[in-house]
Amino acid sequence: MSADITARADTAVPTAEATRAEPVRPVRRRRVRYAALLTPLGSLGAALGVWYAVSYLLLSPARRFLVPPPQQVLTVSFLDWTHLQPMLQALSLTAQVALVGLFIACALGVTAAVLMSRARWLERSLYPYAVILQTVPILAIVPLVGLWFGFGFTSRVVVCVLIALFPMISNTLFGIQSVDRAHHDLFTLQRASRWARLRKLELPAALPSVFTGLRTSSGLSVIGAIVGDMFFKQGEPGIGTLLDVYRSRLQSEDLFAAIILASLFGVTVFALFTLVARLAVGSWHASADRP
Amino acid sequence: MFMLSTFLTVALKGADVPTTAEDTLDATLRFESVDKHFANGTTALTGLELSIAPGEFVAVVGPSGCGKSTLLRLASGLDAATGGTVHAPVDSVGYVFQDPTLLPWRTVLANVELPAELAGTPKAERRERALDALRLVGLEGFEKQLPGQLSGGMRMRASLARALMTRPSLFLLDEPFGALDEMTRLRMQEELQRIYADTGFAALFITHSVTEAVFLARRVVVMSARPGRITASFDVPFPHPRPAQLRYDPGFGRIAGEVSAALRGGLQ
Numbered sequence: 061m062s063a064d065i066t067a068r069a070d071t072a073v074p075t076a077e078a079t080r081a082e083p084v085r086p087v088r089r090r091r092v093r094y095a096a097l098l099t100p101l102g103s104l105g106a107a108l109g110v111w112y113a114v115s116y117l118l119l120s121p122a123r124r125f126l127v128p129p130p131q132q133v134l135t136v137s138f139l140d141w142t143h144l145q146p147m148l149q150a151l152s153l154t155a156q157v158a159l160v161g162l163f164i165a166c167a168l169g170v171t172a173a174v175l176m177s178r179a180r181w182l183e184r185s186l187y188p189y190a191v192i193l194q195t196v197p198i199l200a201i202v203p204l205v206g207l208w209f210g211f212g213f214t215s216r217v218v219v220c221v222l223i224a225l226f227p228m229i230s231n232t233l234f235g236i237q238s239v240d241r242a243h244h245d246l247f248t249l250q251r252a253s254r255w256a257r258l259r260k261l262e263l264p265a266a267l268p269s270v271f272t273g274l275r276t277s278s279g280l281s282v283i284g285a286i287v288g289d290m291f292f293k294q295g296e297p298g299i300g301t302l303l304d305v306y307r308s309r310l311q312s313e314d315l316f317a318a319i320i321l322a323s324l325f326g327v328t329v330f331a332l333f334t335l336v337a338r339l340a341v342g343s344w345h346a347s348a349d350r351p
Numbered sequence: 006m007f008m009l010s011t012f013l014t015v016a017l018k019g020a021d022v023p024t025t026a027e028d029t030l031d032a033t034l035r036f037e038s039v040d041k042h043f044a045n046g047t048t049a050l051t052g053l054e055l056s057i058a059p060g061e062f063v064a065v066v067g068p069s070g071c072g073k074s075t076l077l078r079l080a081s082g083l084d085a086a087t088g089g090t091v092h093a094p095v096d097s098v099g100y101v102f103q104d105p106t107l108l109p110w111r112t113v114l115a116n117v118e119l120p121a122e123l124a125g126t127p128k129a130e131r132r133e134r135a136l137d138a139l140r141l142v143g144l145e146g147f148e149k150q151l152p153g154q155l156s157g158g159m160r161m162r163a164s165l166a167r168a169l170m171t172r173p174s175l176f177l178l179d180e181p182f183g184a185l186d187e188m189t190r191l192r193m194q195e196e197l198q199r200i201y202a203d204t205g206f207a208a209l210f211i212t213h214s215v216t217e218a219v220f221l222a223r224r225v226v227v228m229s230a231r232p233g234r235i236t237a238s239f240d241v242p243f244p245h246p247r248p249a250q251l252r253y254d255p256g257f258g259r260i261a262g263e264v265s266a267a268l269r270g271g272l273q
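Protein chains in written order, with my numbering: chain F, 61 to 351; chain P, 6 to 273.
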């Protein structure tokens, strides 16, 4: 103890060496680049490990079909074109459904939000129904959608729209309503028309919020498309249709592969809209930096 | 000279005596026994009388919350008086807000062009006027930058340029340099009074800095705490353009001291 103190006292004595001015090295938060790549790779490795463990240690060979090991999914499904090809074809159809649904939800949502922002009474009369749309379980209205729009492409799109609409409305409305009061004053002083105010102030100011909504809605729209595939099976199969087929035939390798493909598609769509948001508003708005 | 028609009566409520043509032509901005009550029951201004001649630079000093900003909102027509009359050339007002209030998605040039754009000025003309205004405030070469890339002082310069764009006969400035650091603030004061000397608009400048008020204005008006009234008025005789060293002139110090004393008297 005492030795420790003397040792410290020794070092504390200022010497000519210690007091000489030294060039100051900037204190910077080190950003270790490879760590950004290493950690997700590590977690992927861990996940594969768990997957193997469940396949080989937990399940008896007779029940191994419940969780086929990764290399089997790879060889049976991904590397076999006769298995992979229908999956990719189905995925492209699902992607079409999701994007058409997202586009409609985006147009409808922005329009509804602009309308609601024009008059308080419009907001009061429309917004509650937007909330109801959000809270009603989508599976509860799916049968009705089928009755009204048939059991094919149209209904799949309708499900997408229903599920992706609310975030577009609420985010756009929030963006328009958060416009700085002083900015409004600026437009008032110039006797700006309502149209000029909307086009040159409210919509550009709301753009970051619109993109936040778009990112949320894009993910939801992928889910909507897959749910739609499962219920509306007329016409070409979507990836959701295949999931149901593989489940019923116990083709568990294909089931896993289809799930992975569908997830990758969801991630891609999300990443795509993050990128679009960054390109559109990243130069002036910080929200676009966040993934 | 302004056309009589450009003088719009901002608030008619409580005005029973129509003003004569001479009276109106005399002043660029005139408050006649103006009251302002807010819906929540606070009284911002009572019986306020203030008149600004064409080309006159008037600074208003007063404690926080004495209704100084309300004065500008009434003069610009953003708010209406609850009593009395405000005469102002509302179509020829340049308003400089406390914050630069630039639109972050527009370049400096596009921001400065905005008032003319909203007024429907042809593109070539407004581009030229914007470039002139930017040159006047010393922002040449920064036209293509976004506001987020500029310093606080430069953003305020852009905001001044935007207000100059409209070639206003009346400038309303609401503590425009309040958020700037001391050095930038002094430099901006010098710039503003140089622009004033060059262009000769009438101005109502709100501040809580006594030296700023005395350095810029031809007349300094002291307001009392809420409800706001004008308690004293001082002429500042130094000619424009004023050199920066004027701040250390004994005569300057004396006036600043008097304004300060009046301000403190109003606080008690």
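We treat Cβ as the ideally placed atom computed from N, Cα and C, and that holds for glycine.
Query, Result
"Whole-Å CB distance - Thr33 (chain P) paired with Pro59 (chain P), under 8 angstroms assumed", "5 angstroms"
"Neighbour flag for Thr214 (chain F) against chain P, beta carbons, 8 angstroms", "no"
"For Phe292 (chain F), the first and last residue of its enclosing alpha helix (DSSP H)", "No alpha helix (DSSP H) holds Phe292 (chain F); DSSP gives it neither H nor E."
"Partner residues on chain F for Ala202 (chain P), Cβ-Cβ distance less than 8 angstroms", "The premise fails here: Ala202 (chain P) is roughly 25 angstroms from chain F at the closest Cβ pair, so nothing lies under 8 angstroms."
"Straight-line Cα distance separating Lys293 (chain F) from Thr214 (chain F)", "11 angstroms"
"Within the segment 307 to 333 of chain F, ranges of the alpha helix (DSSP H) (whole runs, at least 4 residues)", "none"
"Within 8 angstroms, strictly: CB atoms of Asp40 (chain P) and Thr47 (chain P)", "no"
"Spatial distance of Phe333 (chain F) from Thr171 (chain P) (CA atoms)", "40 angstroms"
"Close Cβ partners of Arg180 (chain F) (< 8 angstroms) along its chain, the five nearest in sequence each way excluded", "none"
"CB contact check: Phe210 (chain P) to chain F, cutoff 8 angstroms", "no"
"Residues of the segment 246 to 279 of chain F whose Cβ lies closer than 8 angstroms to any Cβ of chain P, in chain order", "Leu246, Phe247, Thr248, Leu249, Gln250, Arg251, Ala252, Ala256, Lys260, Leu261, Pro264, Ala265 and Leu267"
"Own chain, CB closer than 6 angstroms to Ile223 (chain F), minus 5 neighbours either side, in chain order", "Ile198, Leu280 and Gly284"
"Contacting residues, own chain, Cβ-Cβ under 6 angstroms from Val87 (chain F) (five flanking each side not counted)", "none"
"CB contact check: Val101 (chain P) to chain F, cutoff 8 angstroms", "no"
"Status (buried if at least 16 other CB within 10 Å, exposed otherwise) for Pro188 (chain F)", "exposed"
"Distance between Glu37 (chain P) and Glu27 (chain P) (C-alpha atoms, nearest Å)", "In this prediction, Glu27 (chain P) has a pLDDT of 42, which is less than 50 and means its spatial position is unreliable; nothing more can be read from the coordinates."
"Test: Gly72 (chain P) CB closer than 8 angstroms to a CB of chain F", "no"
"Proximal residues of chain F, C-beta to C-beta of Ser81 (chain P) below 7 angstroms", "Leu249"
"Proximity below 8 angstroms, CB of Ser137 (chain F) to CB of Ala317 (chain F)", "yes"
"CA-to-CA distance, Gln150 (chain P) to Ala184 (chain P), given in whole angstroms", "21 angstroms"
"Endpoints, beta strand (DSSP E) assigned at Arg224 (chain P)", "Arg224 to Met228"
"For His92 (chain P), three-class secondary structure by DSSP", "strand"
"Inter-stretch contact at 8 angstroms, needing at least 3 Cβ pairs: the segment 138 to 146 of chain F / the segment 267 to 278 of chain F", "no"
"Distance, Val225 (chain P) Cα to Glu148 (chain P) Cα", "35 angstroms"
"Short CB-CB distance (under 8 angstroms) between Ala266 (chain P) and chain F", "no"
"Closer than 8 angstroms to chain F by CB, Pro68 (chain P)", "no"
"Where Val98 (chain P) meets chain F, residues with beta-carbon distance less than 9 angstroms", "Leu249"
"CB contact flag (Phe330 (chain F), Arg254 (chain F), <8 angstroms)", "no"
"Completely contained beta strand (DSSP E) runs for the segment 176 to 246 of chain F, where each covers 3 or more residues", "none"
"Buried or exposed (CB count within 10 angstroms, at least 16 for buried), Phe43 (chain P)", "exposed"
"Cβ pair Glu196 (chain P), Gly233 (chain P) closer than 8 angstroms", "no"
"Closest by C-alpha distance to Asp240 (chain P), when choosing among P:Phe62, P:Leu119 and P:Asp31", "P:Phe62"
"Proximal chain F residues relative to Ala138 (chain P), where beta-carbon distance stays under 7 angstroms", "The premise fails here: Ala138 (chain P) is roughly 15 angstroms from chain F at the closest Cβ pair, so nothing lies under 7 angstroms."
"Neighbouring residues, chain F, relative to Pro246 (chain P) (Cβ below 9 angstroms)", "The contacting residues do not exist; Pro246 (chain P) stays about 28 angstroms from chain F at best."
"Straight-line Cα distance separating Gly70 (chain P) from Thr171 (chain F)", "41 angstroms"
"Short CB-CB distance (under 8 angstroms) between Ser281 (chain F) and chain P", "no"
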